[in-house]
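Just so you know, the sequences run in chain order A and B.
Residues 0 to 357 in numbering that gives the first Met the number 0 are what the first sequence lists, from first letter to last.
Residues 0 to 357 in numbering that gives the first Met the number 0 are what the second sequence lists, from first letter to last.
Yeah, the Cβ is synthetic: ideal placement off N, Cα and C, and Gly gets one too.
What follows is one structure encoded as structure tokens, with my remarks underneath.
There are 2 protein chains.
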Amino acid sequence: MKNFTRRHLAGGALGAAAAVAAPSVARAQAKRWRMVTSWPKRLPGPGMSAERIAERISAMSGGRLQITVHAAGEVVPAFEVLDAVGGGVVEMGHTAAFYWQGKQPAAAFYTTVPFGLTPAEHVAWVEAGGGQALWDELYAPFGVKPFMGGNTGVCMGGWFRTTLKGLADLRGIKIRSLGLGGEVYRRLGATPQTTAPGEILTSLQSGVLDGAEFVGPGTDIALGLYRVAPHYYGPGFNKPNGTGECLVSLAAWTGLEPDLRAIVAHACAAEATFALSEMERLNAEALAALIERHKVKLETFPDEIVAAARGQAVDILAEVAARNPLAKKVHDSYTAFRDRVAGWSRVSIRAVLEARGA
Amino acid sequence: MKNFTRRHLAGGALGAAAAVAAPSVARAQAKRWRMVTSWPKRLPGPGMSAERIAERISAMSGGRLQITVHAAGEVVPAFEVLDAVGGGVVEMGHTAAFYWQGKQPAAAFYTTVPFGLTPAEHVAWVEAGGGQALWDELYAPFGVKPFMGGNTGVCMGGWFRTTLKGLADLRGIKIRSLGLGGEVYRRLGATPQTTAPGEILTSLQSGVLDGAEFVGPGTDIALGLYRVAPHYYGPGFNKPNGTGECLVSLAAWTGLEPDLRAIVAHACAAEATFALSEMERLNAEALAALIERHKVKLETFPDEIVAAARGQAVDILAEVAARNPLAKKVHDSYTAFRDRVAGWSRVSIRAVLEARGA
Chain A
0 MKNFTRRHLA GGALGAAAAV AAPSVARAQA KRWRMVTSWP KRLPGPGMSA ERIAERISAM
60 SGGRLQITVH AAGEVVPAFE VLDAVGGGVV EMGHTAAFYW QGKQPAAAFY TTVPFGLTPA
120 EHVAWVEAGG GQALWDELYA PFGVKPFMGG NTGVCMGGWF RTTLKGLADL RGIKIRSLGL
180 GGEVYRRLGA TPQTTAPGEI LTSLQSGVLD GAEFVGPGTD IALGLYRVAP HYYGPGFNKP
240 NGTGECLVSL AAWTGLEPDL RAIVAHACAA EATFALSEME RLNAEALAAL IERHKVKLET
300 FPDEIVAAAR GQAVDILAEV AARNPLAKKV HDSYTAFRDR VAGWSRVSIR AVLEARGA
Chain B
0 MKNFTRRHLA GGALGAAAAV AAPSVARAQA KRWRMVTSWP KRLPGPGMSA ERIAERISAM
60 SGGRLQITVH AAGEVVPAFE VLDAVGGGVV EMGHTAAFYW QGKQPAAAFY TTVPFGLTPA
120 EHVAWVEAGG GQALWDELYA PFGVKPFMGG NTGVCMGGWF RTTLKGLADL RGIKIRSLGL
180 GGEVYRRLGA TPQTTAPGEI LTSLQSGVLD GAEFVGPGTD IALGLYRVAP HYYGPGFNKP
240 NGTGECLVSL AAWTGLEPDL RAIVAHACAA EATFALSEME RLNAEALAAL IERHKVKLET
300 FPDEIVAAAR GQAVDILAEV AARNPLAKKV HDSYTAFRDR VAGWSRVSIR AVLEARGA
């Protein structure tokens, strides 16, 4: 991945990022920050987004703001990123909002929700539909300012060992599935599990799991799940988006010069788009490899399952909204935006994809 | 629009952009550039993208790079932006690549092509699929470096006074339609016209035009075409994307400090995403207003028209590719990316939109 990053930064649209030579005057005043993450070192996807955000900030600031990226466990464990940034242990973090839904139920809306916004719609809601202001409000009590800082794109519904003919085939099975999507599977009669990525394959092999969702083809191909669970199901109603988040300590943010604030914000925005672009390319290549080389069977969930899942998702989101007044505000903003944008997405993106055909 | 921009920049994710107070030391060394555009002053959409790119650069550079934005005709006419930037008359430009297809046929690929890439797929091709390197190669002979710097999103097929039942209804009619999409209409028997936006309504009223495509609902609503041509057709096979481009003179680019280069690149990347987000919101709102308030009839092109158009588009793109070796390289890169990403888009974005239903 190191080579890829260098090649992209040297040759791509944002070409100057790697070639920065900080003027000596600037280097003398350099501010040094630490960024903790929920990822292993340089994990393809989110881990590389964290690295690239640091590189972008260094390049744009001429080295005036230097950020060291730390893997999960190096400074704090994966699931203590929010507390570490908010508590002032470090200045930045790179993680995913849905990890914090136990602390604030509405956080889930900022990663992905079942039958929710697609990646482009999600970015539109955050940037132009009021989503960012509510996100700021949601995270202010934790002492952090949130930014979009990556995206794993539309996900798949899951890998299964056998075909699913209807709802009956979901009842009683054990499936690795996280977040609100996992809750949908639970209400359809399955038992969701939070198996760690490195243990999914062996759990499927031993029968501890009957199915598993992870992310999309570009990520999933590395796990080798197709060897024991060759039926790959879509649509990914459970996770139609996958925004990564970059956190800045509010104290550090407030103390930052205005130009460095603009640089941090733009580094995150550019990385969110680039990460999705890179994932689109990887997903397209990996899907073809899975089908052509590994003989994966691409399957579509039966209508019965999709319809039942859609109904459960409405109930689940309403329950999240009922947890507190701010969660209700986020829920209402998100679902109103989704309902309004749906009509346009149907006649625009969905219609041109259908027209393009084979 | 001024109020909107200030509100966004003050309150949004990129909040620091408007609040910049350049340190006096930096202001003393400020570099001043001019940006010429193909747009009227502060035109909603592309004109505001040009303004915001200048604001973003000023904010991130702490005022070290200040850019004055000029409307079409102020310094050079709308269609001389490429020459003015490449010739060193000014340092930057904001325009659209398909204006230059007469000088270099493959330029059209960098705005939109019939049955081509959707906005997210287009960004993925440019950022992660080899598109940017070919774009750099395509524009180097003109002395400019290109960036994505805006997006009007998926467009509509056109406004028509009557319904279209089949191919016969297109024959002999006059339709305002530009670029390669206009060429598709021509080969289906219509006569494409390049009517200026301000004259479309009166041309439809007087019968000089029978139909007209412009952009999408958020832009089109201002022209009032629904008053005389209430049948609004999709899918927008003719323009499934609408990338705006920001040009930098190669001489100016080469002379720029590395940190300012990174800042210019990131300003364009962030604006490309923000412009699309803003257009998605506007399109969703305007489509609802057109249907609910103005009683516009949303229509779908008959299959016969879409199928014939798809065939014509393949021929037209092949003819562009045959014009010169570099055009062929761009064509082959673009269509190979489209063909590979199509499989993934079908099981990801299209499938989740279908599953979301009403």
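- For a Cβ distance threshold of 8 Å, residue set 126, 127 and 268 of chain B lies close to residue 273 (chain A), ordered along the chain.
- Spanning the alpha carbons of residue 143 (chain A) and residue 264 (chain A) requires a straight line of approximately 14 Å.
- DSSP, reduced to helix, strand and coil, places residue 70 (chain B) outside both helices and strands of the structure shown, so it counts as coil.
- Against chain B, a Cβ distance below 9 Å from residue 141 (chain A) picks out nothing, because the smallest value is about 18 Å.
- Residue contact with chain B for residue 89 (chain A): absent (no Cβ-Cβ distance below 7 Å to any residue of chain B).
- With distances taken between CA atoms, residue 286 (chain B) lies nearest to A:342 out of A:307, A:243 and A:342.
- DSSP, reduced to helix, strand and coil, places residue 263 (chain A) within a helical segment of the structure shown.
- Proximity of residue 324 (chain B) to chain A, defined by a Cβ-Cβ separation below 7 Å, is not satisfied.
- Residue 260 (chain B) and residue 267 (chain B) have their C-alpha atoms roughly 11 Å apart.
- In the same chain as residue 74 (chain B), and ignoring 5 residues on each side of it, the C-beta atoms closer than 8 Å to its own belong to 33, 35, 83, 88 and 89, in chain order.
- Fewer than three beta-carbon pairs drawn from the segment 289–305 of chain B and the segment 238–251 of chain B are found closer than 8 Å, and the two stretches are therefore not classed as touching.
- Take the alpha-carbon of residue 122 (chain B) and the one of residue 171 (chain A): they are about 42 Å apart.
- Linking residue 131 (chain B) to residue 278 (chain A) through their CA atoms gives a straight-line distance of about 17 Å.
- Put simply, the segment 221–240 of chain A does not touch the segment 250–259 of chain A. Fewer than three CB pairs are less than 8 Å apart.
- Around residue 113 (chain B), the same chain offers 179, 180, 183, 236, 237 and 312 as residues with beta carbons nearer than 6 Å, after the five sequence neighbours per side are excluded.
- Per DSSP, residue 101 (chain A) has no beta-bridge partner at all.
- Not a single C-beta of chain B is nearer than 7 Å to the C-beta of residue 253 (chain A).
- Residue B:346 holds the alpha-carbon nearest to the alpha-carbon of residue 352 (chain A) among B:159, B:274 and B:346.
- Scanning its chain for C-beta atoms nearer than 6 Å, with the 5 sequence neighbours on each side dropped, one finds no residue around residue 163 (chain A).
- By alpha-carbon distance to residue 298 (chain A), the top candidate from A:99, A:49, A:149 and A:155 is A:155.
- Shown here, residue 311 (chain B) sits in a helix according to DSSP, grouped into three states.
- Residue 247 (chain A) has A:91 and A:144 as its beta-bridge partners, per DSSP.
- Among the CB atoms of chain B, none fall inside 7 Å of the CB of residue 69 (chain A).
- Contact of residue 258 (chain B) with chain A by beta-carbon distance below 7 Å involves 19, 58, 59, 60 and 61.
- Across the structure, residue 102 (chain B) and residue 81 (chain A) are spaced so that their CA atoms are roughly 53 Å apart.
- Straight through space, the alpha carbons of residue 272 (chain B) and residue 38 (chain B) are spaced by roughly 19 Å.
- Taken through DSSP and simplified to helix, strand or coil, residue 79 (chain A) comes out as helix.
- Closest in C-alpha terms to residue 94 (chain A), from the list A:133, A:150, A:117 and A:185, comes A:150.
- Cβ-Cβ distances below 6 Å link residue 45 (chain B) to 38, 149 and 243 in the same chain, with the five nearest sequence neighbours on each side left out; the list follows chain order.
- Per DSSP, reduced to three states, the secondary structure at residue 32 (chain B) is strand.
- Residue 236 (chain A) has a beta carbon lying within less than 7 Å of a beta carbon in chain B.
- Taking the CA atoms as reference points, residue 202 (chain A) sits about 29 Å from residue 48 (chain A).
- Setting aside the 5 residues that flank it on each side, residue 124 (chain B) is surrounded in the same chain by 116, 130, 333 and 336, each with a C-beta closer than 7 Å to its C-beta; the list follows chain order.
- Residue 104 (chain A) has its alpha-carbon roughly 11 Å from the corresponding atom of residue 317 (chain A).
- Residue 246 (chain B) is not a Cβ neighbour of residue 152 (chain B), given a cutoff of 7 Å.
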